[in-house]
Amino acid sequence: TICNLQTCLIGILAGNGNVQNLNIDSANITNTGYTGAVAKVMDDNALMRFIRIDKIFIGGGDCTVSSVGAVAGLVQGSSRLNDIMVANSFVEVIQSSGSGDVYHCFVGGVAGEVAGFSQLNGITIINSNVIVTGHNSAAAGVAARVSDHGVIDNVTVTNTHIEARNNRSSAGAGLGVVTQASALSNINVTNSTVKVFEIFSFAGGAAGQLRDDAVVQKATVSNTRIETMDGYSWLGVGVGWMSGASNFTVLNSINNTMEVHGEISYSGVGAGAVIGNANFFEIMGINTLIEVDSCGVYVSWGVGFVERNCIISNVQVIDSKMIIKRVSGVAARAVVGMDDDHPYAQHERVLNVTVTNSLIEVSGSETVGICPEGVLGEGVGICDSSSVEYCDGMCLGNATGEGVSIRTMNNDIVYVVYDNKVHDGKNTGNKHIYVMKSPHNKCQLNESHFLINDCGLKDEDFEGHENIKEMPWVGDCSGFVADKTTKHIIRHIIRHTTEHTSEL
6 TICNLQTCLI
16 GILAGNGNVQ
26 NLNIDSANIT
36 NTGYTGAVAK
46 VMDDNALMRF
56 IRIDKIFIGG
66 GDCTVSSVGA
76 VAGLVQGSSR
86 LNDIMVANSF
96 VEVIQSSGSG
106 DVYHCFVGGV
116 AGEVAGFSQL
126 NGITIINSNV
136 IVTGHNSAAA
146 GVAARVSDHG
156 VIDNVTVTNT
166 HIEARNNRSS
176 AGAGLGVVTQ
186 ASALSNINVT
196 NSTVKVFEIF
206 SFAGGAAGQL
216 RDDAVVQKAT
226 VSNTRIETMD
236 GYSWLGVGVG
246 WMSGASNFTV
256 LNSINNTMEV
266 HGEISYSGVG
276 AGAVIGNANF
286 FEIMGINTLI
296 EVDSCGVYVS
306 WGVGFVERNC
316 IISNVQVIDS
326 KMIIKRVSGV
336 AARAVVGMDD
346 DHPYAQHERV
356 LNVTVTNSLI
366 EVSGSETVGI
376 CPEGVLGEGV
386 GICDSSSVEY
396 CDGMCLGNAT
406 GEGVSIRTMN
416 NDIVYVVYDN
426 KVHDGKNTGN
436 KHIYVMKSPH
446 NKCQLNESHF
456 LINDCGLKDE
466 DFEGHENIKE
476 MPWVGDCSGF
486 VADKTTKHII
496 RHIIRHTTEH
506 TSEL
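Letter by letter, the sequence shown follows residues 6 to 509 in our numbering.
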């Protein structure tokens, strides 16, 4: 047992060197680039086992490049950390001024970077804070960057706060950036927070980003808050961003909250975005809240944005709520996945979706009504072609997915819509509230493909009418009733009403 440690215990632990059965009780260490209480660097089959660290502070320093962890800074060369616990600790790095790819800080609750076939197993972090301020940086509860076949297994993160405070940064309660065929499995995150502050940032419960064949298997995130403070950010209870043939299998989201601010953001219970041959299998969201105060938003029960040969499969959402406070522009969607009409979009598939006892609430008090191009659905729409304009709907919209089965039960959509009147940049029109009930019965793709893009209404059909009017349908759909509205609002709502819906 070592008390009141003032510097890193070991510079480089290498050549089959090992440290076992070590307790560090309180430490105050200044960051020097590669920094960890036990070792700055682990390399060449080094081993740490049965390490307990309590009440450690690492901070300060003046580095453009840092790899900092409570236990070790850089772990590489097939090194291993087994049975590690970090408690009541604070790790913070502020990058020196500068920008560009050569500037980066990786700050983790256990290790800064893990690379080169190295492994972490049996990791616990409790009551700790990990904060990074720096361009191209990452902060995470366990390891900020895992690359080159690194493996992280059996992780528990509890009451831990993660922040990445500069642009192009990643934050994860588990890992920050996972890449180059690295893997994370069996992670449990509880009562924690993950927060990013500036543009082009990524935040997730399990990880901030998965890239280049990275894999996550079995993650459970509960009672955790994930938040972005600026636009062009990607958030997910599972992961913020997935690309490059990465895979995520089995996410359980329980009692979590995502809060989204800024302009143009991507968020979903599973992931903010899944792109380029990446796949997400099995998303379970229970009592999950997504709050969005953002213009131009892709928000979803499953995955906010899907593009280029991806599969999203087996999404179940129960007793959850999506509150969208500002919407405008073509990017405003509430769907499981869509392809944004990208010229390279192809073969996106969303399979087997169930949404039960959930609510979407939409208000646009700071916008000019709701943009007709920024339509919103119930969170179970799909899209499989860049030629499809809309991807939404009460049950589903313009969909060409393969083998899709979608069920919606006892869900509400609440629209708070303002007339198209603007004064000093604020919408001063009258407020109308519409509530839509989803069907109680099962709805299959081949049975209910009823998106109406043009209902044949003319502007004069709505002028001067104050009484309740029944509007016609096409095909075999049932009718609905509209009160004191406009062609703009009628067409907006008509896109989302299916064969089974008659309440408005």
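Glycine included, each C-beta is placed from N, C-alpha and C at the ideal position.
- Taking all protein chains shown into account, Gln25 has fewer than 16 neighbouring C-beta atoms within 10 Å of its C-beta and is therefore exposed.
- For Arg54, the enclosing beta strand (DSSP E) covers residues 52–64.
- Contact between Val201 and Ala176 is confirmed by a C-beta separation of about 5 Å, below the 8 Å threshold.
- Apart from sequence neighbours up to five positions away, the residues of its chain that approach Asn87 with a beta-carbon distance below 6 Å are Arg54, Asn126, Gly127, ordered along the chain.
- Around the beta-carbon of Thr6, fewer than 16 other beta-carbon atoms lie within 10 Å, marking it exposed.
- For the pair Met47 and Thr69, the Cα-to-Cα distance works out to about 21 Å.
- For a cut-off of 8 Å, the C-beta gap from Thr198 to Ile167 is around 7 Å, short enough to register as a contact.
- The straight-line gap separating the alpha-carbon atoms of Glu268 and Asn50 is approximately 46 Å.
- The closest CA to that of Tyr303, considering only Ser272, Asn134, Thr165, Ala116, is found on Ser272.
- Collapsing the DSSP output to three states places Met289 in a strand.
- In the same chain as Thr229, and ignoring 5 residues on each side of it, the C-beta atoms closer than 6 Å to its own belong to Val194, Ser197, Gly210, Asn261, in chain order.
- The shortest C-alpha to C-alpha distance from Val115 to any of Ile15, Ile56, Ala212 is the one to Ile56.
- Of the residues assessed, Asn28 falls on the exposed side of the cut-off, its CB having fewer than 16 other CB atoms within 10 angstroms.
- CA-to-CA, the gap between Ser258 and Thr225 works out to about 6 Å.
- Excluding sequence positions up to five before and after Thr233, its CB lies within less than 7 Å of the CB of Val201, Ser206, Ala208, Leu240, Val265, His266, Gly267, Ser270, all in the same chain and listed in chain order.
- In the DSSP assignment, Phe310 forms a beta bridge with Ala278.
- Contact between Asn164 and Ser142 fails: their C-beta atoms lie close to 23 Å from each other, not under 8 Å.
- The beta carbons of Val98 and Val137 sit about 5 Å from each other, so the pair counts as a contact at 8 Å.
- Under the three-state reduction of DSSP, Cys8 is assigned to strand.
- Rounded to whole angstroms, the Cβ separation of Ser84 and Ser123 is 5 Å, and the two are in contact under 8 Å.
- DSSP, reduced to helix, strand and coil, places Cys110 within a strand of the structure shown.
- Counting other Cβ atoms within 10 Å of its Cβ, Gly20 stays below 16 and is therefore classed as exposed.
- When DSSP states are grouped into helix, strand and coil, His166 belongs to the strand group.
- With fewer than 16 other CB atoms across the displayed protein chains lying within 10 angstroms of its CB, Gly16 is exposed.
- Per DSSP, reduced to three states, the secondary structure at Met234 is coil, with no helix or strand assignment.
- Listed as beta-bridge partners of Asp158 by DSSP are Asn126, Ser190.
- Counting of Cβ neighbours within 10 angstroms places Thr40 among the buried residues, the total reaching 16 or more.
- Ile204 is a Cβ neighbour of Gly236, given a cutoff of 9 Å.
- Exposed is the label assigned to Ser101, since fewer than 16 other Cβ atoms lie within 10 Å of its Cβ.
- Among the bridge pairs identified by DSSP, Thr198 is matched with His166, Arg230.
- Judged by beta-carbon spacing, Ala145 lies within the 9 Å limit of Gly113, meaning their Cβ atoms are closer than that value.
- Taking C-alpha positions only, Leu294 is separated from Leu18 by approximately 45 Å.
- The beta carbon of Asp217 lies closer than 6 Å to those of Thr184, Gln185, Gly249 in the same chain, with the five residues before and after it left out.
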